[in-house]
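In the UniProt record's numbering, the protein residues as written are 1 to 228.
Below is the structure:
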């Protein structure tokens, strides 16, 4: 049976989720792709991935807003040191990355430069990156303030958002925003030099906007109960 041309996605995109072990990467992926959450999820061994088809509203300077069909591959890379050599191969071809820390763990925030260095080293093209502060549902145990997360994102030229995989807060928003930015960078590159959309710029890189305002209170001080 011949496949309908309408079934062919406009974009096939690969996004990797990186960060220390225990920050919630697997649950972010499962919440986004299957709308599930495991309270006692096991540590990822090596690499896991899932796919999702979705329609995303996009815009281009020369056209009005329109929907694009996207087939997304989401890769969850293990956070432990002993698996990093294995998982490095799966960075290849990624157009986007979610770099995740746990808002109740300062150590996981301090590891962000290490993960950005790994993206730089192993990705075969420039990627759009979003910094994600996860476990917003545990805000009473917060060790990292919203302002601290924003500062790290601004310093590294990333987008920023806080999420909760447990109650689904901002999970869809984080992925949708990242996808839109990837597509927009592809459209801009195609318009500028005639290259085929779907390939991220490899020479000049991607200029990111300042981090978005998160939905939580940006002036909220760290809450008591932090054991960091």
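We put the beta carbon where it would ideally sit given N, CA and C, even for glycine.
Check                                                                                                                                                              : Outcome
Please classify residue 118 as buried or exposed, where buried requires at least 16 neighbouring CB atoms within 10 angstroms.                                     : buried
Here's the rule: buried if 16 or more other CB atoms are within 10 angstroms of the residue's CB, otherwise exposed. What is residue 21?                           : exposed
Kindly identify the DSSP beta-bridge partner or partners of residue 162.                                                                                           : 133
Quick check: residue 97 and residue 23, are their CB atoms within less than 8 angstroms of each other?                                                             : no
My output table needs one value for residue 179: the three-state DSSP class, helix, strand or coil.                                                                : helix
For residue 149, which three-state DSSP category applies?                                                                                                          : helix
Please confirm if the region 180–189 is in contact with the region 134–143, defined as three or more CB-CB distances below 8 angstroms between the two stretches.  : no
DSSP state of residue 69, grouped into three classes?                                                                                                              : strand
Are there 16 or more other CB atoms within 10 angstroms of the CB of residue 66, so buried, or fewer, so exposed?                                                  : exposed
Helix, strand or coil, according to DSSP, for residue 57 in the structure here?                                                                                    : strand
Quick one: residues in its chain with C-beta nearer than 7 angstroms to the C-beta of residue 174, no 5 flanking neighbours on either side, listed in chain order? : 98, 130, 132, 161, 163
Name, in chain order, the residues that DSSP records as bridge partners for residue 11.                                                                            : 70
From residue 53 to residue 121, what does the alpha carbon distance come to, in whole angstroms?                                                                   : 29 angstroms
Could you check where the beta strand (DSSP E) with residue 122 kicks off and where it finishes?                                                                   : Run containing residue 122: none in the beta strand (DSSP E); it sits in the alpha helix (DSSP H), 112–122.
Grouping DSSP H, G and I as helix and E and B as strand, with all else coil, what is residue 32?                                                                   : helix
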